[in-house]
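S.K.: Quick mapping for you: the protein sequence lines, in order, are chains L and Y.
Letter by letter, the first sequence follows residues 1 to 400 in the numbering used here.
Letter by letter, the second sequence follows residues 1001 to 1406 in the numbering used here.
Glycine included, C-beta positions come from ideal geometry on N, C-alpha and C.
Predicted, not measured: the structure shown is a model, and the values here were computed from it.
Quick one: the structure is below, and I'll ask about it shortly.
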Amino acid sequence: MQEKIVVTGVGVTSPLGIGNQDHWENAAAGKTGIKSITRFDTQALPCGHAGEVADFDPKAWLPKKGLRNLNRSIIFARVAAKLALKDAHLSEEQLNPSTIAVMLGTNGACTAHLLQFHRDASSGFADPLLFPNTGISAPACQISIFEGYHDQTSTLSSGHAASLEAISVGANALRQGGSEVVIAGGVEELCLETFAAACHMGTFFTNGMGGDFHWPGPFSSHGTVAGEGSACLILERESHAQVRQANILAEIAGEGIGFDPDAFRKKTARVELMLAVMEEALRNSDLKPEQVDCVLSGAHGDTIADRAEAAAITRLFGKRGVPVIAVSSQLGDTYGAAGAFQAVAAVMAIRQQCLAGCAPCQNGDLDLVNGSRECKVHNCLLTSFGSTGDRMALVVRNSS
Amino acid sequence: MNDSIVITGCGAIAPNGIGVREFWENTISGKTGISLINAIDPTDLTHKFGGEIRNFRIEDFADDTIPTMGRGSQLSLAAAQLALDDAGLSPSDLERMKTGVFIGTTMGESPVAEGLLDHLNNGGDPKAYAERLAYYPVNMIPAMVAIHLRLTGPSSLIPTACAAGNYAIGYAAEAIVNGKADCMLAGGVDPWSRIAYFGFNAMMAISPDVCRPFDKNRKGILISEGAGILLLERESRARKRGARIYAELAGYGIAADGYHMTSPHPEGRGGILAGERALRRARVSAEDIDYVSAHGTGTPANDRIETNIIKTLLGQSAYRTPISSIKSMLGHTMGAASALESITCAKAIETGVIPPTINYETPDPECDLDIVPNRCREVPVKVAMNNSFAFGGNCATLILRKYGGN
């Protein structure tokens, strides 16, 4: 019998707030983190809104030294990791640095910095201090460098499933015994060039006539909205957490994983493949569908994937058979970080015994949580279904 | 459980050879793949050499490919197809199996980003480049392989830079052991990157002429491109279908320096921990290692610290164990490096030949191990160790063992 892997702390830097309290209060109040983009000029673009992390002074959490060369992805991730370690009450003395692993999911971290480096280099000035931080692995590496950890430090880019994969690989490292603590999460940043390209490809919801921007959210067939930020969770073996009398917040249970090879090219999404992955996650968690209290969905407004996911959820749970929350409705599409945000939402829902979501546009077949709803929350099913074809599901549940 | 993970197929696309046969023949012959750089006007460059692959065409490997996909995806797809062919697996075989793909990289689809900036610098309309940029996100690389080969298993990109191939192979083995896939395509890729050239050049890490690992006068790396993909499956499955088994993936170890983004830890603590973990998992001792494929980039720091790492891991055996770096011939293929080096270990086990470290002229007392200078050597190899160390202190070591050799 494999030992349970549990969550003992969470930390976020999100469009809803920096730190767990701000983030959760705004999430629970159904607020949206989607607003006008301030980081770059979107005048010439058909879309100017996203889930942007508000400017904040990282010196509140990180020492000043070296901050100048760090880009937003690195800062988001380092602050989220710091917050998570604090939430887990892991003190310096308790930690053996060769047993603290870092696993982050991301597809586009540091891209803005990379493009800036290339622009400068092409004009004859290549900054050697900038270059090392332009790699996608930089946020995870900078966490381990800053904290002095030298266990596994990995980054995974699996499309929308990236941070669920990071959580999964982290859980596996704990089960193998080499690692004692894993910081598992995800990070993404808004970047003008990739944002502009997505605009031109018609990916985003556009408001059309100006006025207030109200995205109807995923499952409404209205396109998607970009997002950014970082969420980190502290994972440990249950026995390790119990020995140090940690506050155990949730358990990382079973998963299902696969890929839909036709999704991208044929612009389809097979319901059977999504269903298979969800059923595999439940089977690996010894759960029946009727035991699931909430689906924390990774749906982000990709019309084809959303429709298929709605059909898969309905097939598995029945029409309006389970409450569904899509975190993207409040954060935007946080891509490789979405899974980590979903996991944090599950942990918070279990902690508070309350479901909170924002769903201005209801979908007939789904029970989309709009506002806050106190209820028993024990078992949550997380989904990641991206248009590239990534398919993953994970169960996060109350550990007791 | 004794159903070990074995390597049954290899696909190599390297500056000195396309396909494992050509790559291996040239590698043991000490044939270099380095030439005058083409991607950047060499008249502007002080360091003019690199390992570009000139005669690669995706049409030679796959039909009906997406024309806008990046070169990293193309190299990966081609190497994956070569690995499948080498393993004797047809498309209808694949339909019956859950096969995933894990690929490591340093720069991802760097030329796509470079192309965007060229386009904008030439006054191009961003809209006209938008569709190309959709293929830039790094996860598109394994996705393109999975899409073209119709794979239904887990698909991930592991961007842990110059150690990424070994990470991908280690994690792929875990995926099979944990029942997430029946078999896995695993390895690494990097297309030739101008950004990498500018970056390493700014750090003064590029050699002005050749790459000479462990030589007293070594001056750095050469930027190269390539792809290496291995097919991994359970021993029982391989035997059932009568597959040729190159070697067993006996163990892997991953750790970090936790020290600095570019300078290796002075005592090599990440490399030592990764190596110790690999040895432990593989249940081999220092004396069992018959060959070490070094990370051997040819920088003053790496080769010196790696020598100490090997001495720490192997103790007295270090002086009796041949060590070589194929980067002397390929240059640094970045994300592909450790994958091509894993293929090298598999071939060394299969053939009993160890490739040389070429360009070696002047011994360095700080790198005083047997680095197989300039000429290959015939030595039976039962167990091989493959080291890789990356930016940010990411370290991964693989141990391969002759099948039936424990």
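Could you check what DSSP says for Phe1389 (chain Y) in three-state terms: helix, strand or coil?
M.R.: Position 389 of the second sequence, counted from the start, is the residue given in the question as residue 1389 (chain Y). Three-state result, Phe1389 (chain Y): strand.
S.K.: Pop quiz: Glu251 (chain L) and Arg397 (chain L) are said to be a contact at Cβ under 8 Å. What is the actual Cβ separation, rounded to whole angstroms?
M.R.: Taking the first sequence and counting its residues from 1, the one referred to as residue 251 (chain L) is at position 251. Taking the first sequence and counting its residues from 1, the one referred to as residue 397 (chain L) is at position 397. Right, the Cβ-Cβ distance comes to about 5 Å (below 8 Å), so this counts as a contact.
S.K.: Which class does Phe385 (chain L) belong to by DSSP, given the choice of helix, strand or coil?
M.R.: Numbered from 1 along the first sequence, position 385 holds the residue referred to as residue 385 (chain L). In the structure shown, Phe385 (chain L) sits in a strand (DSSP, three-state: E or B).
S.K.: Could you check where the alpha helix (DSSP H) with Ser1092 (chain Y) kicks off and where it finishes?
M.R.: Your numbering for residue 1092 (chain Y) matches position 92 in the second sequence. Counting along the chain, the alpha helix (DSSP H) containing Ser1092 (chain Y) begins and ends at Pro1091 to Glu1095.
S.K.: Quick one: what's got a C-beta closer than 6 Å to Gly1030 (chain Y)'s C-beta in the same chain, skipping five residues either side?
M.R.: The residue you call residue 1030 (chain Y) lines up with position 30 of the second sequence. The residues are Pro1356 and Ile1358.
S.K.: What residues in the stretch 144-155 of chain L have a beta carbon less than 7 Å from any beta carbon of chain Y?
M.R.: Ser144, Ile145, Gly148, Tyr149, His150, Asp151, Gln152, Thr153, Ser154 and Thr155
S.K.: Please decide whether Met278 (chain L) counts as near chain Y, where near means a Cβ-Cβ distance under 8 Å.
M.R.: On the first sequence, position 278 is the one that residue 278 (chain L) refers to. Not closer than 8 Å to any Cβ of chain Y, the Cβ of Met278 (chain L) fails to qualify, so no.
S.K.: Can you tell me the Cβ-Cβ gap for Pro1213 (chain Y) and Ala1181 (chain Y), rounded? I've got them flagged as a contact below 8 Å.
M.R.: In the second sequence, the residue the question calls residue 1213 (chain Y) occupies position 213. In the second sequence, the residue the question calls residue 1181 (chain Y) occupies position 181. Between Ala1181 (chain Y) and Pro1213 (chain Y) the Cβ distance is about 35 Å, and since that is not below 8 Å, they are no contact.
S.K.: Determine whether the beta carbon atoms of Gly1331 (chain Y) and Cys1211 (chain Y) lie at a separation below 8 Å.
M.R.: Within the second sequence, the letter at position 331 stands for residue 1331 (chain Y). Within the second sequence, the letter at position 211 stands for residue 1211 (chain Y). Yes, they are a contact pair.
S.K.: Cβ of Leu1116 (chain Y) less than 8 Å from any chain L Cβ?
M.R.: Mapped onto the second sequence, residue 1116 (chain Y) falls at position 116. Output row for Leu1116 (chain Y): interface = yes.
S.K.: Report, in whole angstroms, the separation of the C-beta atoms of Tyr335 (chain L) and His160 (chain L), which I expect to be a contact under 8 Å.
M.R.: As a working note, residue 335 (chain L) is residue 335 in the first sequence. As a working note, residue 160 (chain L) is residue 160 in the first sequence. Tyr335 (chain L) to His160 (chain L), Cβ: 6 Å. Contact.
S.K.: Are the CB atoms of Gly1070 (chain Y) and Pro1191 (chain Y) nearer to each other than 8 Å?
M.R.: What you label residue 1070 (chain Y) is simply residue 70 of the second sequence in a count that begins at 1. What you label residue 1191 (chain Y) is simply residue 191 of the second sequence in a count that begins at 1. In this structure, Pro1191 (chain Y) lies closer than 8 Å to Gly1070 (chain Y) by Cβ.
S.K.: Going along the chain, which residues of the stretch 1244-1273 of chain Y sit with their C-beta nearer than 9 Å to a C-beta in chain L?
M.R.: Listed in sequence order: Gly1253, Ile1254, Ala1255, Ala1256, Asp1257, Gly1258, Tyr1259, His1260, Met1261, Thr1262, His1265, Arg1269, Gly1270 and Leu1273.
S.K.: Counting along the chain, where does the alpha helix (DSSP H) carrying Ala1286 (chain Y) start and finish?
M.R.: By one-based count along the second sequence, residue 1286 (chain Y) stands at place 286. Run containing Ala1286 (chain Y): none; DSSP gives neither H nor E here.
S.K.: Below 7 Å, is the gap between the Cβ of Ile34 (chain L) and the nearest heavy atom of the ligand MG?
M.R.: Ligands in the displayed structure: none, and consequently the ligand MG is not present.
S.K.: According to DSSP, what are the bridge partners of Lys35 (chain L)?
M.R.: Position 35 of the first sequence holds residue 35 (chain L). Looking at the DSSP assignment, Lys35 (chain L) forms a beta bridge with L:Ala50.
S.K.: Mind checking Arg1283 (chain Y): buried by the 16 CB within 10 Å criterion, or exposed?
M.R.: Within the second sequence, the letter at position 283 stands for residue 1283 (chain Y). Classification for Arg1283 (chain Y): exposed.
S.K.: Going by C-alpha to C-alpha distance, which of Y:Ser1293, Y:Glu1052 and Y:Thr1297 sits closest to Ile1310 (chain Y)?
M.R.: By 1-based counting over the second sequence, the position of residue 1310 (chain Y) is 310. Here the closest residue by C-alpha is Y:Ser1293.
S.K.: Quick one: does Ile1195 (chain Y) have its CB under 8 Å from some CB of chain L?
M.R.: For this step, residue 1195 (chain Y) is matched to residue 195 along the second sequence. Output row for Ile1195 (chain Y): interface = yes.
S.K.: Hey, quick one: how far does the beta strand (DSSP E) through Val396 (chain L) stretch, first residue to last?
M.R.: Locating residue 396 (chain L) in the first sequence gives position 396, where the first residue counts as 1. Residues Asp390 to Arg397.
S.K.: Under 8 Å, do Gly332 (chain L) and Ala166 (chain L) count as touching if we go by C-beta distance?
M.R.: Taking the first residue of the first sequence as 1, we reach residue 332 (chain L) at position 332. Taking the first residue of the first sequence as 1, we reach residue 166 (chain L) at position 166. Taking 8 Å as the Cβ cut-off, Gly332 (chain L) and Ala166 (chain L) do not qualify as a contacting pair.
S.K.: Per the DSSP calculation, Ile1141 (chain Y) is bridged to which residue(s)?
M.R.: For the purposes of this step, residue 1141 (chain Y) is identified with residue 141 of the second sequence, where counting begins at 1. According to DSSP, which records beta bridges pairwise, Ile1141 (chain Y) is partnered with nothing at all.
S.K.: Compile a chain-ordered list of the residues in the stretch 1139-1167 of chain Y whose CB is closer than 9 Å to at least one CB of chain L.
M.R.: Asn1139, Met1140, Ile1141, Pro1142, Ala1143, Met1144, Ala1146, Ile1147, His1148, Leu1149, Arg1150, Leu1151, Thr1152, Gly1153, Pro1154, Ser1155, Ser1156, Leu1157, Ile1158, Pro1159, Thr1160, Ala1161, Ala1164 and Tyr1167
S.K.: Using alpha carbons as the reference points, say which of L:Val271, L:Gly301 and L:Gly318 lies closest to Lys288 (chain L).
M.R.: For the purposes of this step, residue 288 (chain L) is identified with residue 288 of the first sequence, where counting begins at 1. That would be L:Gly318, whose Cα lies nearest to the Cα of Lys288 (chain L).
S.K.: I'd like the span of the alpha helix (DSSP H) that includes Asp1190 (chain Y), first residue to last.
M.R.: In the second sequence, the residue the question calls residue 1190 (chain Y) occupies position 190. Element bounds for Asp1190 (chain Y): not the alpha helix (DSSP H) but the beta strand (DSSP E), Cys1183 to Asp1190.
S.K.: Starting from the beta carbon of Asn1394 (chain Y), find every residue of chain L whose beta carbon is closer than 8 Å, and list them in chain order.
M.R.: As a working mapping, residue 1394 (chain Y) is identified with position 394 in the second sequence. Correct list: Ser137, Cys141, Thr153 and Ser154.
S.K.: Straight-line CA distance for Asn1406 (chain Y) to Ile1103 (chain Y)?
M.R.: Taking the first residue of the second sequence as 1, we reach residue 1406 (chain Y) at position 406. Taking the first residue of the second sequence as 1, we reach residue 1103 (chain Y) at position 103. For Asn1406 (chain Y), the predicted model reports a pLDDT of 46, less than 50, meaning its position is unreliable; a value from the coordinates is still stated below. If you take the alpha carbons of Asn1406 (chain Y) and Ile1103 (chain Y), they lie about 29 Å apart.
S.K.: If you draw a straight line from the alpha carbon of Lys82 (chain L) to that of Ala50 (chain L), how long is it in whole angstroms?
M.R.: Taking the first residue of the first sequence as position 1, residue 82 (chain L) is located at position 82. Taking the first residue of the first sequence as position 1, residue 50 (chain L) is located at position 50. If I take the Cα positions, the gap works out to 25 Å.
S.K.: Whose CA, out of Y:Asp1118, Y:Thr1321 and Y:Met1140, lies closest to the CA of Gln1074 (chain Y)?
M.R.: The sequence position of residue 1074 (chain Y) within the second sequence is 74, counting from 1. Nearest of Y:Asp1118, Y:Thr1321 and Y:Met1140 to Gln1074 (chain Y), Cα basis: Y:Met1140.
S.K.: Report the partner residues of Pro420 (chain L) according to the DSSP bridge assignment.
M.R.: The structure shown does not extend to residue 420 (chain L), since chain L is modelled only from 1 to 400, so the question has no answer here.
S.K.: Are the C-beta of Ala77 (chain L) and some C-beta of chain Y separated by less than 8 Å?
M.R.: As a first step, residue 77 (chain L) is located in the first sequence; it is residue number 77 there, counting from the start. No, its Cβ sits nowhere closer than 8 Å to a Cβ of chain Y.
S.K.: Determine the burial state of Glu1233 (chain Y): buried for a count of at least 16 other Cβ atoms within 10 Å of its Cβ, exposed for fewer.
M.R.: Along the second sequence, read from residue 1 onward, the residue named residue 1233 (chain Y) stands at position 233. By the neighbour-count criterion, in which 16 or more other beta carbons inside 10 Å mark a residue as buried, Glu1233 (chain Y) falls on the buried side.
S.K.: Pick out the complete beta strand (DSSP E) segments inside the stretch 115-172 of chain L, 3 residues or longer, and give them in chain order.
M.R.: The qualifying runs are 153-156.
S.K.: Can you tell me which of the three DSSP states His222 (chain L) falls into?
M.R.: Taking the first sequence and counting its residues from 1, the one referred to as residue 222 (chain L) is at position 222. In the structure shown, His222 (chain L) sits in coil (DSSP, three-state: anything other than H, G, I, E or B).
S.K.: Could you pull out every unbroken alpha helix (DSSP H) segment of at least 4 residues lying fully inside the stretch 1073-1140 of chain Y, listed in chain order?
M.R.: 1091-1095, 1110-1121 and 1126-1133
S.K.: Starting from the C-beta of Met1001 (chain Y), find all residues in its chain whose C-beta is less than 6 Å away, skip the five residues before and the five after it, and write them out in chain order.
M.R.: The residue labelled residue 1001 (chain Y) in the question sits at position 1 within the second sequence. No answer about Met1001 (chain Y) holds up, because its pLDDT of 45 lies below 50 and its placement is not dependable.
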